[in-house]
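S.K.: Counted from 1, the sequence shown has number 127 at position 117 by the numbering used here; the numbering is strictly sequential.
No residue lacks a Cβ here, since even glycine has one placed at the ideal position from N, Cα and C.
Pasting in a structure now, in structure tokens, and then I'll have a few things to ask.
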Amino acid sequence: MKVLDKTISQLTIPTPFAVGDVHVYLLKGDTLSIIDAGVKTKEGWEALKTQLNELGYTPNDVEQVILTHHHPDHIGLIEAFPRAETMAAHRNADLYLTRDETFFAEYEQFFRQFFVACGVSGELMPGPGELGGTLKFAGTGKLTDTLDEGDRLPGHDDWQVIETKGHAQSHLSFFRESDGALIAGDHLLHHISPNPLLEAPIGSDVRPKPMLQYRNNLKKCQSLDIQMVYPGHGRIFSDVNDVISVSLQKQERRAEKVYTFLQEKAQTPFELCQQLFPKQYENQLNLTMSETIGQLDYLENEGLVTTTLKNGVYVYDVTK
11 MKVLDKTISQ LTIPTPFAVG DVHVYLLKGD TLSIIDAGVK TKEGWEALKT
61 QLNELGYTPN DVEQVILTHH HPDHIGLIEA FPRAETMAAH RNADLYLTRD
111 ETFFAEYEQF FRQFFVACGV SGELMPGPGE LGGTLKFAGT GKLTDTLDEG
161 DRLPGHDDWQ VIETKGHAQS HLSFFRESDG ALIAGDHLLH HISPNPLLEA
211 PIGSDVRPKP MLQYRNNLKK CQSLDIQMVY PGHGRIFSDV NDVISVSLQK
261 QERRAEKVYT FLQEKAQTPF ELCQQLFPKQ YENQLNLTMS ETIGQLDYLE
311 NEGLVTTTLK NGVYVYDVTK
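Encoded structure:
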């Protein structure tokens with residue numbers, strides 16, 4: 011636990027995930043808010059209670075929950091605050107928080123159809139419920155307030171909402187202009203590049219392109235006078251523009267690798283995924299396919315590759 015200034019403290023919650031611990035933030039203002047809620051495990055609950063107690067609070071004192079995005083390690087303990095009358099996040103988070111059955115059925119159908127169109131082998135296709143396997147670590151609830159670009163956090167007028175889609179279609183960051191502090195969720199991390207993850211479209215038939223969103227929102231952050239980043243994982247940092255530049259360059263280098271593969275021959279997304287991640291694709295299909303499709307979206311947006319549909323499967327080739 012770290013007291014960052016008189017209005018904000020960082021609490022660190024263990025997770026069972028490879029990314030390691032997750033940070034949540036206690037924000038004091040006109041109301042007492044918690045930003046993100048860790049993961050739903052016994053260890054997570056004990057860590058949350060202990061660190062709140064060190065600050066002189068209990069879960070009963072928290073009056074509002076604000077979320078950077080809907081991933082399980084950020085929403086696990088949203089039900090742990092009985093006096094919290096407000097739950098605020100991007101509107102796209104609500105279907106995940108409420109566990110909307112129709113949406114989850116459509117979500118699985120989207121991925122099955124999309125993976126088939128990407129050439130994924132039948133034996134690797136996710137089974138029923140497999141895509142939601144981490145939901146046991148997530149809490150359930152319903153938004154009372156939705157947050158949009160430019161809004162002020164309720165009860166904390168000095169914090170402005172910045173939409174930072176890419177890692178998630180519900181991702182928001184929160185910026186305090188007076189000192190350049192950014193509560194960044196998983197949009198900006200110092201030690202790893204966040205993964206722009208594929209998601210099913212919400213209220214549209216058009217697939218989101220998270221890599222393009224991620225790049226655009228990194229550049230948006232470059233235009234802000236960010237002095238300090240309070241991230242969802244890893245250490246607090248101030249070398250913001252360096253971290254953004256490195257993230258953009260790493261992505262571009264990986265895209266160049268994909269382009270080199272395509273110069274050899276036209277290929278499906280899954281064939282490219284196998285070359286990019288020969289040791290990971292079988293056990294981390296969604297993650298590795300998200301990365302592969304992200305690079306293809308980038309290359310296509312740059313006019314470097316084209317795609318055609320052959321026998322129901324996408325085939326990418328370099329632009330002639």
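Report the rounded CA-to-CA distance for L65 versus G195, giving the unit in angstroms.
M.R.: The straight-line gap from Cα to Cα measures roughly 22 angstroms.
S.K.: Could you tell me which whole beta strand (DSSP E) segments of length 3 or greater appear in the stretch 74–161?
M.R.: Counting only runs of 3 or more, we get 74–76, 96–99.
S.K.: My output table needs one value for V253: the three-state DSSP class, helix, strand or coil.
M.R.: It is helical.
S.K.: In the DSSP output, which residue or residues are listed as bridge partners for L21?
M.R.: DSSP, once it has assigned bridges, lists V34 as partnering L21.
S.K.: Tell me the DSSP secondary structure of A191 in three-state form.
M.R.: In this structure, A191 counts as strand in the three-state DSSP scheme.
S.K.: In whole angstroms, what separates the C-alpha of R217 from that of N63?
M.R.: C-alpha separation (whole angstroms): 44 angstroms.
S.K.: Looking at the structure shown, is S407 part of a helix, part of a strand, or coil, going by DSSP?
M.R.: Look at the range of the chain in this structure, 11 to 330, and you will see that residue 407 is not part of it.
S.K.: Could you tell me which residues DSSP puts in a beta bridge with E173?
M.R.: Paired residues: L182.
S.K.: Quick one: grab the DSSP three-state call for P220.
M.R.: Note: P220 maps to helix in three-state DSSP.
S.K.: Name the DSSP beta bridge partners of Q277, please?
M.R.: The partner list for Q277 (beta bridge, DSSP) reads Y326.
S.K.: With H, G and I counted as helix, E and B as strand and the rest as coil, what does DSSP make of M299?
M.R.: DSSP places M299 in helix when its eight states are reduced to three.
S.K.: With a threshold of 16 other CB atoms inside 10 Å of the CB of P288, please say whether the residue is buried or exposed.
M.R.: Counting Cβ neighbours within 10 Å, P288 comes out exposed, since fewer than 16 surround it.
S.K.: For a test of the three-state rule: what should DSSP assign to K50, helix, strand or coil?
M.R.: In this structure, K50 counts as coil in the three-state DSSP scheme.
S.K.: Determine whether the beta carbon atoms of G165 and S43 lie at a separation below 8 angstroms.
M.R.: Yes.
S.K.: Based on Cα-Cα distance, which residue from L199, Q232, L314, K52 lies nearest to T25?
M.R.: The option with the nearest alpha carbon to T25 is K52.
S.K.: Based on the DSSP output, what are the partners of L42 in its beta bridges?
M.R.: For L42, which the question treats as bridged, DSSP gives the partners K38.
S.K.: Tell me H166's beta-bridge partners as DSSP assigns them.
M.R.: DSSP, once it has assigned bridges, lists L163 as partnering H166.
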